[in-house]
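Residue numbers for the sequence shown, in the working numbering: 259 to 787.
C-beta: ideal position from N, C-alpha, C; glycine also.
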Amino acid sequence: MDYLKTVVPSQLMAERGSNLVVINPGSANVRMGFASQEVPFNIPHYVARRISRQKNDAPRLSLRDQRLNCRAGSSHNAEREKAYDTIASLLKIPFLDEVLPSENQPLPPKMGRVDGLSSHQNRDDSKLSWTDVMDRSIRSSMSIERSVHSDADEDPSHSTSDDGNGPNNSEESKYKEMIFGEDALKIPPSESYCLSRPIRRGHFNISQNYSLNQVLEDLRTIWNWMLTEKLHINPKDRNLYSVVLVLGETFDSREIKEMLSIVLCDLGFSTAVVHQEALAAAFGNGLSTACVVNIGAQVTQVVCVEDGVALPHTALALPYGGDDISRCLLWVQHRHHTWPNFKTDPMKKPIDMLMLNKIKEAYSQIRTGSFDAVAVVHSYEHEKSVGHQKTRLSALSVPPMGLLYPRLLIPEEYPPPPRPWFQDCDDMLEDTWQTSDGLSGNGGLGRIDLQRKLFCSIQLVGGAALTAGLALVLEQRVLSTIPSNQPVEKVEVLQSRRNPLFIPWKGGVDRSWASLILAVMLGSVEKNG
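Here it is as structure tokens:
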């Protein structure tokens, strides 16, 4: 205790941070790292398992939750087209029925330069590479002989084959049983793997084809892989580590209980604490009062925070996010006839979604007037023939506007998992942050002074928060919806002090240090007391 009373915070963070792991599972990715790291590992929350096939079945990649997806109907498309024209009017660009030039008419307005992009945006148009599903290792004959003598149970004939490089070398090849993260999304379609994502639209991805036990096993397996391969924590030593779970407001009490059980009982951490994602986001940006808008890949969450306390009656969960913007970008290009004649299908081919996300991150921004750009689009129909074509992308400001006009995104194409499993579950933990269907008007924000403070303290976090021009449009949109009889004259989106993608994770780190320092101070007071 005497040491803790005299140590400076930076030294305490450096020493204790290597024994504290912070995990922030999002709607599509999981961010994990030591508290001493500046930036966590950000890994797609996926695992692919090798599956056996029948003799006459053709090998193919299968998506476990593919049956939940659906195609937009005519009514959805009509709503989408109406939303497009509403956005076109605001951005002063041609309506949908005006975008096609006639035979004697020149192409639409000249392309705008892609400028003003932040340094984090990657404009690398290089193609994605297919994942090698074979696990190969080159071994010398001498090392094989040593392994035989050291382990009598190993059969050397099972793991040796001539690779043509001489009598002293051999190659051991076999299929990888499991593949994780982005590599799992780039598995060739002709390989026999089942791709699973344990979280979908902010909830456990439980369905008729994906049981609770399978979801929990996949969560456990992915997190264990990250702890072992990325953080290099030996399972035998995990009792020396503590963990912080930074969880979004969409998770209910039973889901939180199951994740706590995984980190404590299955992964072997000594202690665990749960932080609410909205509070961590505010804390990570140095704020005690804010309206936190967390735009994830599949879910957008809104929670108001006052003096370090989340206001549960203001919580709002919206079933769309960055992935929906990427799918909308493809639809817009198809309507403008600018997309190459490729069979791009992000609903069936995960690698296509990766490509669309990459294009969206590099080129999408919101600005008034026509904004086009040139990009290289790749075709991933067959792993041995990856084609590409340079093309003009049109109306790039429209897809991100779907965050404010969600009928453009048609989130029904990618619905959340069915909810019967959650309806009859017991509340294992105190229900402190359950989301509602929407903000409850004036009663939701309460006092006038609090309303003014929150409208001037909007905080954008999450991957889509990086979209250039979004903050200004959000300010204008929110201000236009406030009734004229309300005494709110200003709406402001605060500039982020950190990368918005990692603010909740970093806020979980900061809150943990604050709790530790407070405990040290209280202990000192009691001792001297």
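Rounded to the nearest angstrom, the gap between the Cα atoms of L752 and N552 is 13 Å. Beta-bridge analysis with DSSP links S465 to Y468. Within the model, the alpha-carbon separation for R593 versus C549 is close to 36 Å. Per DSSP, R585 lies in no beta strand (DSSP E); the unbroken alpha helix (DSSP H) holding it starts and ends at 580-593.
Spanning the alpha carbons of A306 and W388 requires a straight line of approximately 14 Å. Taking one beta carbon from each stretch, the segment 333-343 and the segment 467-485 have fewer than 3 pairs nearer than 8 Å; the two do not touch. For H334, the secondary structure class from DSSP, reduced to helix, strand or coil, is helix. Between S454 and R394, the C-beta spacing is not below 8 Å. Annotation for A540: no beta strand (DSSP E) segment contains it, though the alpha helix (DSSP H) segment containing it runs 535-542.
For G721, no alpha helix (DSSP H) segment is defined, and its DSSP state is neither H nor E. Here D581 is near A286, since their CB atoms are less than 8 Å apart.
Excluding its 5 nearest sequence neighbours in each direction, L708 has C-beta neighbours in its own chain below 7 Å: E564, listed in chain order. Rounded to the nearest angstrom, the gap between the Cα atoms of K488 and W481 is 10 Å.
Counting only residues of its own chain and dropping the five nearest sequence neighbours on each side, K648 has a CB closer than 7 Å to the CB of V632, V634.
About 6 Å separates the beta carbon of V557 from that of R459, a gap short enough to meet the 8 Å contact definition. For V521, the secondary structure class from DSSP, reduced to helix, strand or coil, is helix. For M605, the secondary structure class from DSSP, reduced to helix, strand or coil, is coil. Exposure of E435 is indicated by the presence of fewer than 16 other C-beta atoms within 10 angstroms of its C-beta. Annotation: the continuous alpha helix (DSSP H) that includes F713 extends over 706-713.
In the DSSP assignment, A442 falls within the alpha helix (DSSP H) that extends over 439-443. Remark: C-beta atoms of V504 and V280 approach each other more closely than 8 Å.
Only residues of its own chain outside the window of five on either side were considered, and among them L525, G526, F527 have a CB closer than 7 Å to the CB of R496, listed in chain order.
The DSSP-derived three-state label of N615 is helix. Under the three-state reduction of DSSP output, V288 falls in the strand class. Note that the C-beta distance between L759 and G720 is below 8 Å. The C-beta distance from L588 to L614 rounds to 6 Å, short enough to meet the 8 Å contact threshold. At the C-beta level, P456 and H303 come within 8 Å of one another. Take Y578, set aside five residues on each side of it, and the residues of its chain with a beta-carbon closer than 7 Å to its own are T558, P664, L667, P669, in chain order. Going by DSSP, L574 is part of the beta strand (DSSP E) stretching over 567-576. Within the same chain, Cβ atoms closer than 7 Å to the Cβ of C586 are found at P657, G660, L666, L667, the five residues on either side in sequence being excluded.
For S310, the three-state secondary structure derived from DSSP is coil. Q647 is bridged by DSSP to V635.
For L576, the CB contacts under 8 Å within the same chain, skipping 5 residues up- and downstream, are V557, T558, Q559, V560, P664 in chain order. Shown here, S276 sits in a helix according to DSSP, grouped into three states.
Going by beta carbons, N543 and Q717 fall inside the 8 Å limit. When secondary structure is reduced to three states using DSSP, K350 falls in the coil class, being assigned neither helix nor strand.
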